[in-house]
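Chemist:
There are 2 protein chains.
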Amino acid sequence: MSWFAWGDPERATPLSESLRDLIAQTLGAELRDLPPVDEADVRLPSSALDATARAALESAVGAEHVRTDAPARLRHSGGKSTPDLLRRRAGDADPAPDAVVLPADHDEVLAVLRACAEHRVAVVPFGGGTSVVGGVDALRGGFASVVALDLRRLDRLVSVDHESMTATLQAGLRTPEAEELLSAHGYTLGHLPQSFEYATIGGYAATRSSGQASAGYGRFDDMVMALKAATPRGSLDLGRAPASAAGPDLRQLLVGSEGTFGVITEVTLRVRPLPDVQHDEAWSFPDYATGAAALRRLAQSDARPTTARLSDETETFVNAALSGKEAAAGCLAVVGFDGTDEAEVEARRAAVTRLLTECGGTPLGTEPVSEWRHSRFHGPYLRDTLLSAGVLSETLETATTWSGVLPLYEAVSAALKEALEGPEGGVVTMCHISHTYPAGASLYFTVVTAAGADPLSRWARAKRAAGDAIAEHGGTISHHHAVGADHRPWMTSEIGPLGADILRAVKSALDPVGILNPGKLIPDGTDESTQDAHA
Amino acid sequence: MSWFAWGDPERATPLSESLRDLIAQTLGAELRDLPPVDEADVRLPSSALDATARAALESAVGAEHVRTDAPARLRHSGGKSTPDLLRRRAGDADPAPDAVVLPADHDEVLAVLRACAEHRVAVVPFGGGTSVVGGVDALRGGFASVVALDLRRLDRLVSVDHESMTATLQAGLRTPEAEELLSAHGYTLGHLPQSFEYATIGGYAATRSSGQASAGYGRFDDMVMALKAATPRGSLDLGRAPASAAGPDLRQLLVGSEGTFGVITEVTLRVRPLPDVQHDEAWSFPDYATGAAALRRLAQSDARPTTARLSDETETFVNAALSGKEAAAGCLAVVGFDGTDEAEVEARRAAVTRLLTECGGTPLGTEPVSEWRHSRFHGPYLRDTLLSAGVLSETLETATTWSGVLPLYEAVSAALKEALEGPEGGVVTMCHISHTYPAGASLYFTVVTAAGADPLSRWARAKRAAGDAIAEHGGTISHHHAVGADHRPWMTSEIGPLGADILRAVKSALDPVGILNPGKLIPDGTDESTQDAHA
Numbered sequence: 157m158s159w160f161a162w163g164d165p166e167r168a169t170p171l172s173e174s175l176r177d178l179i180a181q182t183l184g185a186e187l188r189d190l191p192p193v194d195e196a197d198v199r200l201p202s203s204a205l206d207a208t209a210r211a212a213l214e215s216a217v218g219a220e221h222v223r224t225d226a227p228a229r230l231r232h233s234g235g236k237s238t239p240d241l242l243r244r245r246a247g248d249a250d251p252a253p254d255a256v257v258l259p260a261d262h263d264e265v266l267a268v269l270r271a272c273a274e275h276r277v278a279v280v281p282f283g284g285g286t287s288v289v290g291g292v293d294a295l296r297g298g299f300a301s302v303v304a305l306d307l308r309r310l311d312r313l314v315s316v317d318h319e320s321m322t323a324t325l326q327a328g329l330r331t332p333e334a335e336e337l338l339s340a341h342g343y344t345l346g347h348l349p350q351s352f353e354y355a356t357i358g359g360y361a362a363t364r365s366s367g368q369a370s371a372g373y374g375r376f377d378d379m380v381m382a383l384k385a386a387t388p389r390g391s392l393d394l395g396r397a398p399a400s401a402a403g404p405d406l407r408q409l410l411v412g413s414e415g416t417f418g419v420i421t422e423v424t425l426r427v428r429p430l431p432d433v434q435h436d437e438a439w440s441f442p443d444y445a446t447g448a449a450a451l452r453r454l455a456q457s458d459a460r461p462t463t464a465r466l467s468d469e470t471e472t473f474v475n476a477a478l479s480g481k482e483a484a485a486g487c488l489a490v491v492g493f494d495g496t497d498e499a500e501v502e503a504r505r506a507a508v509t510r511l512l513t514e515c516g517g518t519p520l521g522t523e524p525v526s527e528w529r530h531s532r533f534h535g536p537y538l539r540d541t542l543l544s545a546g547v548l549s550e551t552l553e554t555a556t557t558w559s560g561v562l563p564l565y566e567a568v569s570a571a572l573k574e575a576l577e578g579p580e581g582g583v584v585t586m587c588h589i590s591h592t593y594p595a596g597a598s599l600y601f602t603v604v605t606a607a608g609a610d611p612l613s614r615w616a617r618a619k620r621a622a623g624d625a626i627a628e629h630g631g632t633i634s635h636h637h638a639v640g641a642d643h644r645p646w647m648t649s650e651i652g653p654l655g656a657d658i659l660r661a662v663k664s665a666l667d668p669v670g671i672l673n674p675g676k677l678i679p680d681g682t683d684e685s686t687q688d689a690h691a
Numbered sequence: 157m158s159w160f161a162w163g164d165p166e167r168a169t170p171l172s173e174s175l176r177d178l179i180a181q182t183l184g185a186e187l188r189d190l191p192p193v194d195e196a197d198v199r200l201p202s203s204a205l206d207a208t209a210r211a212a213l214e215s216a217v218g219a220e221h222v223r224t225d226a227p228a229r230l231r232h233s234g235g236k237s238t239p240d241l242l243r244r245r246a247g248d249a250d251p252a253p254d255a256v257v258l259p260a261d262h263d264e265v266l267a268v269l270r271a272c273a274e275h276r277v278a279v280v281p282f283g284g285g286t287s288v289v290g291g292v293d294a295l296r297g298g299f300a301s302v303v304a305l306d307l308r309r310l311d312r313l314v315s316v317d318h319e320s321m322t323a324t325l326q327a328g329l330r331t332p333e334a335e336e337l338l339s340a341h342g343y344t345l346g347h348l349p350q351s352f353e354y355a356t357i358g359g360y361a362a363t364r365s366s367g368q369a370s371a372g373y374g375r376f377d378d379m380v381m382a383l384k385a386a387t388p389r390g391s392l393d394l395g396r397a398p399a400s401a402a403g404p405d406l407r408q409l410l411v412g413s414e415g416t417f418g419v420i421t422e423v424t425l426r427v428r429p430l431p432d433v434q435h436d437e438a439w440s441f442p443d444y445a446t447g448a449a450a451l452r453r454l455a456q457s458d459a460r461p462t463t464a465r466l467s468d469e470t471e472t473f474v475n476a477a478l479s480g481k482e483a484a485a486g487c488l489a490v491v492g493f494d495g496t497d498e499a500e501v502e503a504r505r506a507a508v509t510r511l512l513t514e515c516g517g518t519p520l521g522t523e524p525v526s527e528w529r530h531s532r533f534h535g536p537y538l539r540d541t542l543l544s545a546g547v548l549s550e551t552l553e554t555a556t557t558w559s560g561v562l563p564l565y566e567a568v569s570a571a572l573k574e575a576l577e578g579p580e581g582g583v584v585t586m587c588h589i590s591h592t593y594p595a596g597a598s599l600y601f602t603v604v605t606a607a608g609a610d611p612l613s614r615w616a617r618a619k620r621a622a623g624d625a626i627a628e629h630g631g632t633i634s635h636h637h638a639v640g641a642d643h644r645p646w647m648t649s650e651i652g653p654l655g656a657d658i659l660r661a662v663k664s665a666l667d668p669v670g671i672l673n674p675g676k677l678i679p680d681g682t683d684e685s686t687q688d689a690h691a
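Residue numbers (this note's numbering), protein chains in the order written: chain A, 157 to 691; chain B, 157 to 691.
1) Bridge partners for B:G578 per DSSP, in chain order?
2) For my contact list, A:V280 and A:P253 are in at a C-beta cut-off of 8 Å; report their separation, rounded to the angstrom.
3) Less than 7 Å between the C-beta atoms of B:A372 and B:S287, yes or no?
4) Going by the beta-carbon positions, is the gap between A:G103 and B:L672 smaller than 7 Å?
5) Go through its chain and collect everything with a Cβ distance to A:G297's Cβ below 7 Å, but skip five positions before and after it.
6) Would a check of beta-carbon distances place A:L325 closer than 7 Å to chain B?
7) Whole angstroms is fine: what's the gap from B:I626's alpha carbon to B:W646's?
8) From the DSSP output, in three-state form, read off B:L488 for me.
9) Contact defined as beta carbons within less than 8 Å: I believe A:P398 pairs with B:G596. What is the distance between those atoms, to the nearest angstrom?
10) Fully enclosed by the stretch 611-685 of chain A, which alpha helix (DSSP H) runs are 4 residues long or longer?
11) Taking the runs of the beta strand (DSSP E) that are 3 residues or longer, which of them lie wholly in the stretch 428-463 of chain B?
12) Taking Cβ-Cβ distances shorter than 8 Å, what residues in chain A pair up with B:Q456?
13) What does B:G664 touch in chain A if you count any residue whose Cβ is under 7 Å from its own?
14) Alpha carbon to alpha carbon, how far is B:C487 from B:L451?
15) Note down, one range per segment and in chain order, each alpha helix (DSSP H) of at least 4 residues found wholly within the stretch 211-236 of chain B.
16) Mapping the DSSP letters down to three states, classify B:T513 as helix, strand or coil.
17) Quick one, which of A:A273, A:V302 and A:H318 has its alpha-carbon nearest A:D250's?
18) From A:M321, A:V292 and A:F299, pick the residue whose C-alpha is nearest to that of A:L307; which is it?
19) By how many angstroms is the C-alpha of B:M157 removed from the C-alpha of B:P227?
20) For B:A386, would you say it is in contact with chain A, using Cβ-to-Cβ distances shorter than 7 Å as the test?
21) Whose C-beta lies closer than 8 Å to the C-beta of B:S203 among residues of the same chain, with five residues either side of it excluded?
22) Use the C-beta contact count for B:G403: other C-beta atoms within 10 angstroms, 16 or more gives buried, fewer gives exposed.
23) Which residues in the same chain as A:A449 place their Cβ atom closer than 7 Å to its Cβ, once the five residues preceding and following it in sequence are excluded?
24) Cα separation between B:T551 and B:R539?
25) Let me make sure I understand the geometry here. Which of B:E502, B:L345, B:A401 and B:R460 has the alpha-carbon closest to that of B:R428?
26) Which residues in chain B sit within 8 Å of A:H341, going by Cβ to Cβ distance?
27) How about A:A438 and A:P524: do their beta carbons lie closer than 7 Å?
28) Select from the stretch 398-411 of chain B all residues with a C-beta closer than 9 Å to any C-beta belonging to chain A, and list them in chain order.
29) What are the start and end residues of the alpha helix (DSSP H) that includes A:F473?
30) Looking only at its chain, what residues have a beta carbon closer than 7 Å to the beta carbon of B:H637, apart from the 5 residues adjacent to it on each side?
31) Given this structure, state the Cα-to-Cα distance separating A:D432 from B:V501, to the nearest angstrom.
32) Quick check: what's the CA-CA separation for B:K103 versus B:L348?
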């Protein structure tokens, strides 16, 4: 994985001159290349880990698993948001961890946390490093040093319970490897976020990931039947049954805790049979409102697609242009079906076809989405290509109730335009509904604009405007990207000051020294200006 | 609602002499009638609420809504477990609240909690009073006085969001009234626990209730999209979208908190269209293992019954005998379908029929379950009838993964027999699988035994044995009855000592004085003998 781009830099093809000109013209902007500096020129502060702490960590995991070399530290200095990439491309690797620690198993994670609590070293749990919300930035809080706790050695399929259709996987497994291990038993998780290639099982649980086939396979948090976590105060082993009335669901407190309460080391997940039948098809709707109403009816019906998404007019046009196809009029929806039985999939398709037709949709067959399934993880590479050419192309997302979907869509789009349009050019915003539920849906925005003279400030302004619009219109600050450092300013308005107190209380109980992922998720009590609505 | 029995005492018909003789013979026991004392003879300690606290409460809700009369105090002295009823039948109303406080709305609940925190008065939130786990026992913890906070005046349907298919209901609404209000809009919750007639919306949320149609409508905790709660430190307003990645799911921390963190005053729930078609049918399986495997396959398939339950051989026999029918051989399953479209229900039935047949089931048609839907809430009345005749007939329940279902069934049945069989007679234990999930199922046991000389101790012994067997065999201590006072001894083994620390930390953050429902749910830190397994 590249230190300045999403994944394999070989896969980021340069932008053709003609496409670059077209984008510049569309945005009405001058574009200025933003190439990365040479890795040798990256400014990396020297490691602040003192000898005593280092010895304690070496005793916990073995000397060869405490790394302080520059390449390791650089590659653990943060995630993959546009600001992350902009900073590193410009040669700035600060904040970087003072060391990267690679424990072998749950007990070694426990030992690392104990050592760090004793020696007052901050710890940033690190899975695939794919956070786009500053979730793995190597912030040290008030501590003198910080280590990245890389979980890649926790890479085993621990067990499979065929009767219960569950599998226990270690946290450091990346999705392709997890899928390979499960497929040997005939199973899949069906979890297909855009970060599929790099993100890990533990990261999905810690951040409440949601994949593109969530309509059929569910969100990651829904798949978690049990979990094991290491904290500075010991272990948590939660989940004795798929459902329980034995008090609050503490699984759902650890899931989404983003490494601030503990380090999830093992997860027991629901698995499904590998599908024998996979079918995707495209539908056209005259406009976004009609398409959204159709997806709503679908989510509230008994029809069961595996995937259901709907692009707005702009995204429909841009996606078609990018794949060299003629754009359908209006808005394009993708509906997909996974199954183990041809007849069963056919029956589900028939029900969906009936309903979408009734709701004003026109079936377009498989051709418009023939490449969708195979190119579904390509988005971040395209972002790298554009960034190198001086174009910011970043995404942000939210969710709300169905009655709030269109107002929220309008508000966020308007806020982004307002924040970005000006002397440095215009902006193209587009959006799709990516995940649907009976009561509501997520909105996934893509923003394309010239990087301008100060791209970091430019994007920060846009992000702030979008976040404020989301909070003001009752959306959640994140549907599946999580909170990290970047969404933390909106957490108090999301859960209220008392909700923030709960997070701080749980944090103190599990991590009294406060070493775990400082500066992420949990409001520090100084940013509660929006509390009135919740008082 | 009766003070010494489940509901309307008029509905508890006396046991015929012949049936009583048959039971005595089956149990090999002498039966001794256990009639209730006269209400006038119930021993009720005088109210310990001091004048200052009373004045503060009267100022919060109005003098007429602070009741200290004996009938009100007696009827709020606890729930409806067999021990609760045994105590009150014997004339013992201790613990009774010193007053019953009836706030009108969320703000009055807040005011009551502030007054109680200031004057150090314990508060027991009280909905329908149907707890069977000591959840509403008027325990005062370390405080001089305790009040029952009766939510019956919070009885409004606040709003309906037709587009999002959600409704916001106040906590004090009983199910029949909630259903009546929703049906005016064409909706239902589809929530049908045995406590349907009396239990409240807030109580369902606070205890993670699950209804008999959970296979189709889901558990109550799954239906909660948003909630509002009053705590001594202010309000919580949680849930901005059906799903979110904005940190831990605090809704799922309040849901199931049993009034120890706050008082849930309002819940926004998923609603469904009122069904036009309802169809129940019976299936026979040669034995429990075959039937359980069939229900497992059903839960892991795409077939969608609304109800799916399976009685073991004993329950199959007893149920048939009670309704004067001939018992089917082996084990009886009930499968039910609710829908709005005849063809759609037929298609679901066909899929279920195919699968259950393949799994060794024999369809028995509608006749054996023709009365099931209408008599489904009658169980507790039968318990009253038997109790009056000197027969304990109590239930307990758990859940586990599918691979654990049969071992857990055997272990709990054996533990109950071991604890109860002896000089005072035998025991009949029976069980059904009442709720199924892809990864596991619940087990609902009914225990019938002679009350004996000291029925309270006798039942306590059985309950302790069953709880230990559940904990030892990896089941959850409750699937839908909740924790209350009765299951609290097993909470530390369920969630580990660190999990118990989390509950205490959240409690301290929201209720620093500790007035809310003392003695319930949260282990007090002195009963952590079973912590080793979780260290």
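Glycine included, each C-beta is placed from N, C-alpha and C at the ideal position. All values derive from a computational prediction rather than experimental measurement.
Modeler: Well, looking at it:
1) Note: B:G578 sits in a beta bridge opposite B:G581.
2) 6 Å
3) It should be pointed out that residue 372 of chain B corresponds to Gly in this sequence rather than to Ala. The answer is no: Cβ separation not under 7 Å.
4) No information on residue 103 of chain A is available, as it lies outside the stretch 157 to 691 that chain A covers here.
5) A278, G670, P674 and G675
6) no
7) Rounded to whole angstroms, the separation of the alpha carbons of B:W646 and B:I626 is 9 Å.
8) DSSP, read as helix, strand or coil, puts B:L488 in strand.
9) 4 Å
10) Counting only runs of 4 or more, we get 611-628 and 647-666.
11) For secondary structure counted as the beta strand (DSSP E) over 3 or more consecutive residues, the stretch 428-463 of chain B holds these complete runs in sequence order: 433-441.
12) By Cβ distance, chain A contributes M321.
13) Sequence inspection shows Ser at residue 664 of chain B; the Gly mentioned does not correspond to that position. The contacting residues are A661.
14) 12 Å
15) 226-230
16) DSSP places B:T513 in helix when its eight states are reduced to three.
17) Closest by alpha carbon: A:V302.
18) When only C-alpha atoms are compared, the closest one is A:V292.
19) Computed Cα separation, rounded: 12 Å.
20) no
21) So the qualifying residues of the chain are T224, R229, D254, A255 and S301.
22) buried
23) C515
24) 10 Å
25) That would be B:L345, whose Cα lies nearest to the Cα of B:R428.
26) Here the premise fails: no neighbours, minimum Cβ distance about 15 Å.
27) Contact annotation: A:A438 and A:P524 have beta-carbon atoms nearer than 7 Å.
28) P398, A399, S400, A401, A402, G403, P404, D405, L406, R407, Q408, L409, L410 and V411
29) E469 to L478
30) V288, V289 and E553
31) 27 Å
32) Past the boundaries of the shown model lies residue 103 of chain B; chain B is included only from 157 to 691, so the question cannot be answered.
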